[in-house]
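Position in the sequence shown counted from 1, then plus 195, gives you the working numbering. Quick reminder that beta carbons are idealized off the backbone N, C-alpha and C, glycines included. Here's the structure we're looking at; comments come further down.
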Amino acid sequence: LDVGCGKGEMLVRLAGRCSARGVGVDVNPVFLADARQRAESRAPQAGLAFHEQPACDFTAEPCSFDAVLCVDSTEAYGGYRDALHALAGLVRSHGRVLVGERFWRRHPHPDYLAALDLELEDLLDHPRNVRAGEEAGLVPICTAVSTEDEWERYEGLYSRAVEEHAAGHPEDPEAESLWKRIRRHHEAWEHWGRDTLGFGLYVFQKK
Numbered sequence: 196l197d198v199g200c201g202k203g204e205m206l207v208r209l210a211g212r213c214s215a216r217g218v219g220v221d222v223n224p225v226f227l228a229d230a231r232q233r234a235e236s237r238a239p240q241a242g243l244a245f246h247e248q249p250a251c252d253f254t255a256e257p258c259s260f261d262a263v264l265c266v267d268s269t270e271a272y273g274g275y276r277d278a279l280h281a282l283a284g285l286v287r288s289h290g291r292v293l294v295g296e297r298f299w300r301r302h303p304h305p306d307y308l309a310a311l312d313l314e315l316e317d318l319l320d321h322p323r324n325v326r327a328g329e330e331a332g333l334v335p336i337c338t339a340v341s342t343e344d345e346w347e348r349y350e351g352l353y354s355r356a357v358e359e360h361a362a363g364h365p366e367d368p369e370a371e372s373l374w375k376r377i378r379r380h381h382e383a384w385e386h387w388g389r390d391t392l393g394f395g396l397y398v399f400q401k402k
């Protein structure tokens, strides 16, 4: 299961490399249309399924997935801690949970919090991101924290990709708000974000 799957790239790659089957959930219909096209052209044998709905409304049998992914989409459950508890309930015993989450590298400037529309407590620091998984009943397996160069490159690529999507898909009802939001995001990143915000990938195993 990939929560916040966007255009389905992770699921398509997993299907191609590991013959994995999977389900993607996202609220953006344009992204999901792209995901279905990618799956059909690159992994037609996998039978990947994509659902347009909020993650919190997606219903599945408890403990029904071998692995669940949620990269930079924990807000779909209301936040990082809530996402960990929800995902832990969906994965089988000894299954894996991969979560990508931001963290504070240092105390953020109040103007940066305002630009991101966040409160200080909305994000944790890196060690507490790991402990939150343990508090959800998961066992930390490994973590990978982006270097400054990786994070810088990602921010540039991310901003450009969102702007290109907004410009190229005027039929997307979110196009204009996406463009405005990404400009505010990138300007705030340039001003405060480099030495304040970090990003980590956290792999946990269910007991």
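1) If you run the structure through DSSP and keep just helix, strand and coil, what is residue 401?
2) Going by the CB atoms, is the gap between residue 203 and residue 244 shorter than 8 angstroms?
3) Can you tell me which residues form a DSSP beta bridge with residue 297?
4) Check for me: the alpha helix (DSSP H) holding residue 253 runs from which residue to which?
5) Quick one: is residue 289 buried, meaning 16 or more other Cβ sit within 10 Å of its Cβ, or exposed?
6) For residue 322, which of 400, 296 and 280 has the nearest alpha-carbon?
7) Would you check if there are 3 or more beta carbon pairs closer than 8 angstroms linking the region 299-306 to the region 270-281?
8) Between the C-alpha atoms of residue 354 and residue 384, what's the straight-line distance to the nearest angstrom?
9) Give the straight-line distance between the Cα atoms of residue 379 and residue 310, rounded to the nearest whole angstrom.
10) If you draw a straight line from the alpha carbon of residue 404 to that of residue 240, how long is it in whole angstroms?
11) Between residue 374 and the rest of its own chain, which residues show a CB-CB distance below 8 angstroms, the 5 nearest in sequence each way excluded?
12) Does the Cβ of residue 337 have 16 or more other Cβ atoms within 10 Å, making it buried, or fewer, making it exposed?
Working from what's here:
1) Taking the sequence shown and counting its residues from 1, the one referred to as residue 401 is at position 206. Three-state DSSP puts residue 401 in a strand.
2) Reading the sequence shown from its first residue, position 49 is the one you call residue 244. Reading the sequence shown from its first residue, position 8 is the one you call residue 203. Going by C-beta atoms, residue 244 is not nearer than 8 angstroms to residue 203.
3) Translated into positions along the sequence shown, residue 297 becomes position 102. Beta-bridge pairing links residue 297 to 394.
4) Here the question's residue 253 lines up with position 58 in the sequence shown. Careful: residue 253 lies outside any alpha helix (DSSP H) and carries neither H nor E.
5) Within the sequence shown, residue 289 is the residue found at index 94, counting from 1. By the neighbour-count rule (16 or more Cβ atoms within 10 Å), residue 289 is not buried but exposed.
6) On the sequence shown, position 127 is the one that residue 322 refers to. It is 296 whose Cα lies nearest to the Cα of residue 322.
7) Cβ pair count under 8 angstroms is below three, so no.
8) Here the question's residue 354 lines up with position 159 in the sequence shown. Here the question's residue 384 lines up with position 189 in the sequence shown. Cα to Cα, the separation comes out at about 11 angstroms.
9) Residue numbering aside, residue 379 sits at position 184 when the sequence shown is read from its first letter. Residue numbering aside, residue 310 sits at position 115 when the sequence shown is read from its first letter. So the alpha carbons of these two residues sit roughly 7 angstroms apart.
10) Because the chain is modelled from 196 through 402, residue 404 falls outside the range shown and cannot be assessed.
11) Position 179 of the sequence shown, counted from the first residue, corresponds to residue 374. 357, 358, 361 and 362, listed in sequence order.
12) Locating residue 337 in the sequence shown gives position 142, counting from the first residue. It is exposed - the Cβ of residue 337 has fewer than 16 other Cβ atoms within 10 Å.
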